[in-house]
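These notes are about the structure you will find just below.
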Amino acid sequence: MAAVSCSQTDRPAIRREEFNSAALQHRSLQNMSEQRALKNPYPDYSGPGCAQDLFDMQGKLTQHFASCISSKISELLAIMENGLKNADPRDCTGYTGWAGIALLYLHLHSIFGDFSFLQKALDYVSRSLRSLTQRWVTFLCGDAGPLAVAAVVYHRLQKPHEAEECVNRLLHLHQSVVQGKGRLPDELLYGRVGYLYSLIFINQQFQQEKIPIQQICDAVLASGQNLSQRNKIQEQTPLMFEWYQEEYVGAAHGLSGIYYYLMQPGFVVGEDRVYHLVKPSVNYVCQLKFQSGNYPPCVGDSRDLLVHWCHGSPGVIYMLIQAFKVFGVRQYLEDALHCGEVIWQRGLLKKGYGLCHGAAGNAYGFLALYKITQDPKHLYRACMFADWCMNYGKHGCRTPDTPFSLFEGMAGTIYFLADLLQPTKAKFPAFEV
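Our numbering puts the first residue of the sequence shown at 237, with every later residue one more than the last.
So, in structure tokens, the structure goes:
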């Protein structure tokens with residue numbers, strides 16, 4: 237994930253409140269967009285006619301467009317496989333390493349049913365298991381991810397003994413996560429919620445609750461309450477979380493990612509705690525919204541710069557949609573739709589085509605909106621971002637540090653293109669429930 241410092245010394249001298257001129261605001265936003273994103277060249281949705289070559293009224297992709305996507309997936313897979321020959325052999329993680337490639341092939345097996353993809357998943361997750369971190373406990377950046385993916389691969393291969401061994405190894409981490417050993421944070425990439433996703437992944441893939449999750453959620457809630465009380469901000473927000481002494485807002489390290497999970501049905505014991513603790517904390521995040529509709533990377537940061545899944549609207553959108561589902565307040569959906577506008581205007585990033593901070597990850601926001609609204613505009617926009625991704629490497633974007641990985645590179649783009657073939661089932665990998 238792109239490193240972001242939100243320290244006071246890094247903040248600009250001019251505060252957002254001082255931008256009183258609408259013209260100045262517009263020019264400032266335009267300049268910031270030009271620095272980080274490429275101009276969106278696509279016409280916006282104007283009715284069913286503009287999408288007739290892409291999908292029908294039920295949202296099913298046309299045979300031609302689906303065929304184009306499948307062909308591009310095959311082409312990119314060949315490039316990825318060649319590039320992975322030079323990948324770090326010791327990187328076990330889902331984010332940049334072998335577990336992420338295994339997760340991609342597991343996904344392709346689900347979409348296409350080709351057994352060779354399952355064999356590929358086994359190959360890559362086996363590499364991952366040979367080089368576990370022995371330090372981090374999360375799905376994306378730690379040992380829980382490789383163990384969870386391996387358990388599912390073995391389950392599909394009908395190897396129950398191996399699958400159960402991986403689940404048991406995952407369970408061995410459970411109490412240390414609950415207790416927060418080693419000053420464990422609560423966020424997704426390195427904290428409790430990242431371990432929580434591993435349990436969710438197992439339970440969903442095995443279609444049974446093999447591992448209870450409420451204890452982890454209770455620990456997250458207690459941690460959030462403690463920090464809010466310690467900072468004496470209970471009146472503003474009953475919960476607060478930080479990562480390296482920064483109060484992050486986005487999906488990867490911050491409040492919106494944590495609250496997305498705490499609002500899932502059945503995750504928190506006691507509906508009253510969801511309403512009295514989580515809802516007002518969600519409202520606190522909503523109050524941080526910039527006039528543009530985007531969100532800051534950290535509490536108190538006045539720079540409207542980042543439109544990434546990790547920092548900004550493309551990640552916050554999932555919290556907003558879930559809040560609308562749970563509480564039924566229309567304003568949450570309105571704010572999510574505003575996020576969609578930000579992504580459409582500023583989401584084709586110079587950073588490239590990846591998931592964490594790229595066009596593919598941003599496009600998932602449109603698919604999330606499509607699933608909740610059934611408005612074809614959002615599916616059309618996802619298709620336009622897919623078209624951008626299918627022209628991989630032709631826009632002068634930067635090359636990621638790990639150019640073929642799941643969260644920074646080509647594997648994530650392939651994952652998104654495969655998901656688009658079944659848009660109502662699409663889920664942002666290693667995050668969306």
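In this text, a Cβ means the ideal position worked out from N, Cα and C, and glycines have one as well.
Just to confirm the assignment, what range does the alpha helix (DSSP H) spanning P612 have?
P612 to M626 is the extent of the alpha helix (DSSP H) around P612.
Would you tell me roughly how many angstroms separate the C-alpha atoms of A222 and R363, rounded to the nearest one?
No statement about residue 222 is possible, as the shown extent of the chain runs from 237 to 669 and does not include it.
Does the beta-carbon of M646 have 16 or more other beta-carbons within 10 angstroms, so that it is buried, or is it exposed?
Flag for M646 reads buried.
Same chain, Cβ closer than 8 Å to L657, five either side skipped, listed in chain order:
Excluding sequence positions up to five before and after L657, its CB lies within less than 8 Å of the CB of L297, A302, I305, S306 and I347, all in the same chain and listed in chain order.
Answer yes or no: do L498 and V521 have a C-beta to C-beta separation smaller than 8 Å?
Their beta carbons are not under 8 Å apart, which means L498 does not touch V521 by this criterion.
What whole-angstrom Cβ distance do V543 and G594 have, given they're in contact under 8 Å?
Between V543 and G594 the beta-carbon gap is near 11 Å, outside 8 Å, which marks them as no contact.
Cβ-based burial, P665 [other Cβ within 10 Å; buried from 16]:
P665 comes out buried.
Can you name the start and end residues of the alpha helix (DSSP H) that F640 belongs to?
Careful: F640 lies outside any alpha helix (DSSP H) and carries neither H nor E.
In whole angstroms, what separates the C-alpha of R466 from that of S282?
So the two alpha carbons sit approximately 51 Å from each other.
For F291, write down the residues that DSSP places opposite it in a beta bridge.
L297.
Once DSSP output is grouped into helix, strand and coil, what is the label at Y495?
Y495: helix per DSSP, three-state reduction.
Quick one: grab the DSSP three-state call for H262.
Model confidence at H262 stands at a pLDDT of 41, short of 50, so the residue's coordinates are unreliable and nothing is read from them.
Take G295 as the anchor and find which of G632, F652, N318 and L603 has the nearest alpha-carbon.
Measuring from the Cα of G295, the nearest candidate turns out to be L603.
6 Å Cβ shell around V562 - same chain, five flanking residues per side excluded:
Counting only Cβ-Cβ distances below 6 Å, and skipping sequence neighbours, we find M499.
Buried or exposed, going by whether 16 or more other CB atoms sit within 10 Å of the CB of M555?
It is buried - the Cβ of M555 has at least 16 other Cβ atoms within 10 Å.
If you follow the alpha helix (DSSP H) that C522 is part of, which residue opens it and which one closes it?
First-last of the alpha helix (DSSP H) with C522: K515 to C522.
To the nearest angstrom, how far is the alpha carbon of G506 from that of N519?
Straight across, the Cα-Cα distance linking G506 with N519 is about 20 Å.
Which residue wins for smallest C-alpha separation from M620, given the options Y651, L365, N322 and C286?
The shortest C-alpha to C-alpha distance from M620 to any of Y651, L365, N322 and C286 is the one to C286.
C-alpha gap between E401 and R634, whole angstroms:
Each residue's Cα considered, the two are about 41 Å apart.
Given a cut-off of 8 Å on the beta-carbon distance, is the pair G597 and P550 in contact?
Against a cut-off of 8 Å, the Cβ pair of P550 and G597 comes out as a contact.
Cβ shell of P248 (< 8 Å), same chain only, five flanking positions each side left out:
For P248, the predicted structure reports a pLDDT of 30, less than 50, and the residue's modelled location is therefore unreliable. A value from the coordinates is still provided. Closer than 8 Å at the Cβ level, and outside the excluded window around P248, lie S538 and R539.
Is T660 buried or exposed, if buried means 16 or more other CB atoms sit within 10 Å of its CB?
Result: exposed.
What does the alpha-carbon distance come out to for the pair K586 and V413?
Between the alpha carbons of K586 and V413 lies a gap of roughly 37 Å.
Give me, in chain order, the residues of the same chain whose beta-carbon lies closer than 7 Å to that of A384; leave out the 5 immediate sequence neighbours on both sides.
Within the same chain, A384 has close Cβ partners F375, L406, S434, F437 and I438.
Under 8 Å by Cβ, that's how I've got F442 and H391 pegged, so tell me the actual separation to the nearest angstrom.
Contact check for F442 and H391: beta-carbon distance about 6 Å, within the 8 Å limit, so the pair qualifies.
Exposed unless 16 or more other CB atoms sit within 10 angstroms - verdict on E311
Counting Cβ neighbours within 10 Å, E311 comes out exposed, since fewer than 16 surround it.
From this set, N462, Q355, D289 and P639, which residue's C-alpha is nearest A386's C-alpha?
Selected option, being the one with the closest Cα: Q355.
Look at the alpha carbon of E668 and the alpha carbon of N322, and state the distance between them as a whole number of angstroms.
Between E668 and N322, the C-alpha separation is close to 30 Å.
Would you call the CB atoms of I452 and L432 closer than 8 Å?
Yes, the pair counts as a contact, with Cβ atoms nearer than the cut-off.
Three-way DSSP call (helix, strand, coil) for E311 in this model:
DSSP places E311 in helix when its eight states are reduced to three.
Assigned secondary structure, W334 (DSSP; H/G/I helix, E/B strand, else coil):
The DSSP-derived three-state label of W334 is helix.
Leaving aside the five residues before and after W580 along the sequence, list all residues of the same chain whose C-beta is less than 6 Å from its C-beta, in chain order.
Within the same chain, R617 come within 6 Å of W580 by CB-CB distance, once the 5 residues on both sides are set aside.
What do you get for E471, buried or exposed, if any count of 16 or more other CB atoms within 10 angstroms of its CB means buried?
Exposed, since its Cβ has fewer than 16 Cβ neighbours within 10 Å.
Between the Cα of D422 and the Cα atoms of L365, Q440, Y480 and V510, which residue gives the shortest distance?
Considering only L365, Q440, Y480 and V510, the residue with the shortest C-alpha distance to D422 is Y480.
Local Cβ density within 10 Å of Y360, reported as buried at 16 or more and exposed below that
So Y360 counts as buried.
So, C592 versus C546, is the Cβ gap smaller than 8 Å?
In this structure, the beta-carbon distance from C592 to C546 falls below 8 Å.
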